[in-house]
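Each residue of the sequence shown is one higher than the one before, starting from 783 at the first, in our numbering.
Working notes, beginning with the structure itself.
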Amino acid sequence: MAKAYWAQLIELDEDVEASKIPGATDHEDAADTLITDFVGAMGGEITSGAIRVWQEGGREKVYDWRAEFELPDDFDESDDEDIEVEGEIILIERLG
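Structure (structure tokens):
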């Protein structure tokens with residue numbers, strides 16, 4: 783049975799509990815999953831930070847991350863309607 787991955791957003795104003803990431807295949811996949819959910823839940827207001835990821839009984843990795851978005855061509859800031867945006871999560875592993 784594969785060991786589960788866990789991830790925790792760190793270095794925020796408030797502590798965030800660690801989350802088990804079902805179906806994650808590696809550290810980066812687990813990080814991407816949690817960050818995508820977090821950025822979506824925050825409505826894109828927080829677009830960078832740090833995350834700690836580990837596998838049960840295994841190695842821990844820490845990443846700095848940022849979310850980059852592409853807004854639709856017809857985006858209107860004065861419109862209050864929800865929009866769908868394309869985005870990418872950039873992970874940079876901290877070494878040492």
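Beta carbons: idealized from backbone N, C-alpha and C, even for Gly.
The structure presented is a predicted model; accordingly, all values stated were derived computationally and were not measured.
- Taking C-beta atoms under 8 Å as the contact rule, I828 and V821 qualify, at a distance of about 7 Å.
- Under the DSSP assignment, G831 falls in the beta strand (DSSP E) whose first and last residues are S830 to Q837.
- When secondary structure is reduced to three states using DSSP, L853 falls in the coil class, being assigned neither helix nor strand.
- Following the DSSP letters along the chain, one finds E810 inside the alpha helix (DSSP H) bounded by residues H809 to A823.
- With respect to I817, A849 sits close: the two C-beta atoms are nearer than 8 Å.
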